[in-house]
Amino acid sequence: VEILSRGPKLIGLAGMTFRRSVSSYKGGLKIGQKFLMDVDAWLELRTSNSFDDLNDSVNYADLSSVVEKIVEGPSSDLVVKVASEIAREVLVAHPLRTNVRVRVCKCTPPIPRFVDSQGVDIFRTSMDFVSRS
């Protein structure tokens, strides 16, 4: 975390809300659940800090669209799969992005004992998705 605070700048989207079917419980797949998602992206922003050019930064609407495309796609059994797909797309879609943190919170999951929420919090770097031959 200390290395990140000295490195590229951070932008983020917090509290995106979606309904999605993600569950290993069959009832969860039928009805879907509410999800809250946060995405933080570390970027190399030296140019945009000086010149105010969106082409040298990241459009928040574009970042939101990447998340929406994954979340509204085919259902999954695991929340971590959704988070990993979002991380991959965020890093692949724009060369300025160097790192990404994705938090996916499943509100009121259908598990035997009441739990307020459950979720995952993952961190990926652009190097995680470099092809290794």
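Note that the sequence shown covers residues 10 to 142 in the numbering used here.
We put the CB at the ideal spot given by N, CA and C, even for glycine.
Given Val48 as reference, the closest of Asp125, Asp130, Met136, Thr117 once Cα atoms are compared: Asp130
Residues bridged to Ile79 by DSSP? Note: Ile79 sits in no beta bridge, so no partner.
By how many angstroms is the C-alpha of Leu45 removed from the C-alpha of Glu77? 12 Å
Please report the residue range of the alpha helix (DSSP H) in which Ile95 lies. 88-102
Which of the three DSSP states is assigned to Arg133 in this structure? strand
What did DSSP end up calling Leu105 once you bin it into helix, strand or coil? coil
DSSP-derived helix/strand/coil call for Asp71: helix
Inter-residue Cα distance where the pair is Glu81 and Ser73: 12 Å
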